[in-house]
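So for the sequence shown, my numbering puts the first residue at 18; every next one is plus one.
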Amino acid sequence: MPVFIEHIPAEPEPGKLYISMQFETAVHLCACGCGAKVVTPFGPNDWTLTFDGTVSLRPSVGNGQQRCRSHYYVRSDRIDWLPRISAAATRVASSRDRAAHIEAIPQPLAGQASWWRRIWNRMRRSFGTSRSKRDE
Ligand SMILES: [Zn+2]
Numbered sequence: 018m019p020v021f022i023e024h025i026p027a028e029p030e031p032g033k034l035y036i037s038m039q040f041e042t043a044v045h046l047c048a049c050g051c052g053a054k055v056v057t058p059f060g061p062n063d064w065t066l067t068f069d070g071t072v073s074l075r076p077s078v079g080n081g082q083q084r085c086r087s088h089y090y091v092r093s094d095r096i097d098w099l100p101r102i103s104a105a106a107t108r109v110a111s112s113r114d115r116a117a118h119i120e121a122i123p124q125p126l127a128g129q130a131s132w133w134r135r136i137w138n139r140m141r142r143s144f145g146t147s148r149s150k151r152d153e
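Here it is in structure tokens:
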């Protein structure tokens with residue numbers, strides 16, 4: 018069940034998908050019931066949220082970092098289960114994700130950069146400023 022909110026609650030309730038457009042991210046507790054908090058940021062290299070009265074997330078949510086290794090689609094407010102993720106698949110997926118993120122950082126598209134990329138850019142800018150001040 019989707020819940021549209023501004024700020025993600027510190028203690029999400031099970032069975033709810035918290036969606037924050039402001040922070041361009043969604044949070045839910047792992048659908049298997051293990052209690053792990055699953056964060057799915059939106060963006061070209063992250064997840065796509067579709068809302069047509071019901072909520073769907075693409076791609077699938079793979080909790081390979083969690084002990085349960087659950088893997089599922091959030092499709093039309095429902096959980097469609099996929100086979101559990103093996104340790105090998107997790108390694109492949111996380112190195113692919115990392116590569117995608119590293120590529121995306123130097124050239125974020127205006128308006129499409131997610132909040133952490135904006136913060137990262139801001140940090141880089143302020144580092145650059147302090148360094149040039151010291152050099153003068
Ligand atoms: Zn789980």
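Backbone N, C-alpha and C define an ideal beta-carbon position, used for all residues, glycine too.
Source: prediction; values computed, not measured.
DSSP places Arg-101 in the coil class of the three-state scheme, outside both helix and strand. Taking 7 Å as the cut-off, one finds at least one heavy atom of ligand 1 near enough to the beta carbon of Gln-83. Taking C-alpha positions only, Ser-37 is separated from Ile-22 by approximately 5 Å. For Gly-52, there is no enclosing beta strand (DSSP E), as DSSP marks it with neither H nor E. Counting only residues of its own chain and dropping the five nearest sequence neighbours on each side, Ser-73 has a CB closer than 7 Å to the CB of Thr-67, Val-91, Arg-92 and Ser-93.
Listed in chain order, the non-local C-beta contacts of Val-56 below 7 Å within the same chain comprise Thr-42 and Val-44, local neighbours out to five positions each way being set aside.
A distance below 6 Å between beta-carbons, with the five flanking residues on each side excluded, links Val-20 to the following residues of its chain, in chain order: Lys-33 and Tyr-35. Take Trp-98, set aside five residues on each side of it, and the residues of its chain with a beta-carbon closer than 6 Å to its own are Tyr-89, in chain order. If you draw a 10 Å sphere on the C-beta of Arg-135, you find fewer than 16 other C-beta atoms in it, and that means exposed. Set against 7 Å, the gap from the CB of Ser-103 to the closest heavy atom of ligand 1 is not smaller.
For Arg-75, the secondary structure class from DSSP, reduced to helix, strand or coil, is strand. In this structure, the alpha-carbon of Asn-62 lies about 23 Å from that of Thr-71.
By the neighbour-count definition (other C-beta atoms within 10 Å, threshold 16), Ala-48 is a buried residue.
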